[in-house]
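Heads up, the thing below is written out as structure tokens.
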Amino acid sequence: AQSVTQPDARVTVSEGASLQLRCKYSYSATPYLFWYVQYPRQGLQLLLKYYSGDPVVQGVNSFEAEFSKSNSSFHLQKASVHWSDSAVYFCALSPGGNKLTFGIGTRVLVRP
Amino acid sequence: NAGVIQTPRHKVTGKGQEATLWCEPISGHSAVFWYRQTIVQGLEFLTYFRNQAPIDDSGMPKERFSAQMPNQSHSTLKIQSTQPQDSAVYLCASSLDWGGVDTQYFGPGTRLLVL
């Protein structure tokens, strides 16, 4: 069985500061990996995805993530956050590219 | 493109009543997924259709829950005899399902409250 762990339930950062959200996965092979964001009262929106190739993946709104097979991790980063980045961020995996297994999510609050 | 459409956005039912949730996938997408989101359990996969055929319902509760996709333009999730623990946001997603790293596009969800 597969699983996704997001160890930080909440993260608070100041506007303009950098952000890193941690994600670790458990799966016997390399899965498809995703980061989604959920703004208040909205559905999930894809930030970026990874399956193979360059372990650093660029996504929307200047987000990027780095895959590490040795650490079974897929951490999300942004160099300089804006107040509009306040949201809940979900890491997810899919063994075969279809159904998603999500982490519990990390709520990000950006202080002005 | 209107995205994935889910109706209703909010539904309140009494314990024991039936609830039917509707999802209209993005036109041209062949895969439809249903997920449930709660504070306690987070986001959980329920079921998945490809070209209207049920592919994987491993996340569906064995009793009271059923899903159908009668045509390519909509899918329904039906909950019979609703219970308070069914209260959740039910999310529908669709994808092209071409066999690669498909992006699932999510609807805004239906917030179900069972009193």
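Protein chains in written order, with our numbering: chain A, 1493 to 1604; chain B, 9 to 123.
Backbone N, C-alpha and C define an ideal beta-carbon position, used for all residues, glycine too.
Please read all numbers here as calculations on a predicted model, not as lab measurements.
In angstroms, rounded to a whole number, what distance separates the CA positions of residue i and residue j?
i              : j              : result
residue 1508/A : residue 87/B   : 46 Å
residue 1546/A : residue 28/B   : 44 Å
residue 122/B  : residue 92/B   : 5 Å
residue 1544/A : residue 35/B   : 29 Å
residue 1535/A : residue 1562/A : 32 Å
residue 1529/A : residue 1554/A : 13 Å
residue 77/B   : residue 1585/A : 25 Å
residue 1540/A : residue 1592/A : 14 Å
residue 1519/A : residue 1564/A : 8 Å
residue 61/B   : residue 39/B   : 9 Å
residue 67/B   : residue 1590/A : 13 Å
residue 80/B   : residue 1557/A : 34 Å
residue 24/B   : residue 94/B   : 11 Å
residue 72/B   : residue 1595/A : 26 Å
Check each candidate in the options and name the one with the smallest Cα separation from residue i.
i              : options                           : result
residue 1522/A : 1495/A, 1530/A and 1513/A         : 1495/A
residue 1493/A : 1552/A, 1537/A, 1528/A and 1588/A : 1588/A
residue 1567/A : 1533/A, 1578/A and 1550/A         : 1550/A
residue 1578/A : 1563/A, 1603/A, 1555/A and 1564/A : 1603/A
residue 1498/A : 1517/A, 1533/A and 1504/A         : 1517/A
residue 16/B   : 23/B, 32/B, 24/B and 77/B         : 32/B
residue 1597/A : 1552/A, 1576/A, 1581/A and 1527/A : 1581/A
residue 1574/A : 1506/A, 1500/A and 1540/A         : 1506/A
residue 74/B   : 65/B, 53/B and 116/B              : 65/B
residue 99/B   : 23/B, 53/B and 47/B               : 53/B
residue 82/B   : 115/B, 120/B and 47/B             : 115/B
Helix, strand or coil for residue i, going by three-state DSSP, please let me know.
i              : result
residue 1565/A : strand
residue 60/B   : coil
residue 1586/A : strand
residue 48/B   : coil
residue 14/B   : strand
residue 89/B   : coil
residue 1573/A : coil
residue 83/B   : strand
Can the beta-carbon of residue i be found closer than 7 Å to that of residue j?
i              : j              : result
residue 42/B   : residue 55/B   : yes
residue 45/B   : residue 12/B   : no
residue 1542/A : residue 1559/A : yes
residue 1570/A : residue 1525/A : no
residue 105/B  : residue 58/B   : yes
Return the Cβ separation of residue i and residue j in integer angstroms, given the expectation that the two are a contact with Cβ distance under 8 Å.
i             : j            : result
residue 49/B  : residue 30/B : Rounded, the Cβ-Cβ distance is 23 Å, inconsistent with contact.
residue 84/B  : residue 26/B : Actually they do not touch by this definition, with Cβ atoms about 12 Å apart.
residue 102/B : residue 37/B : 4 Å
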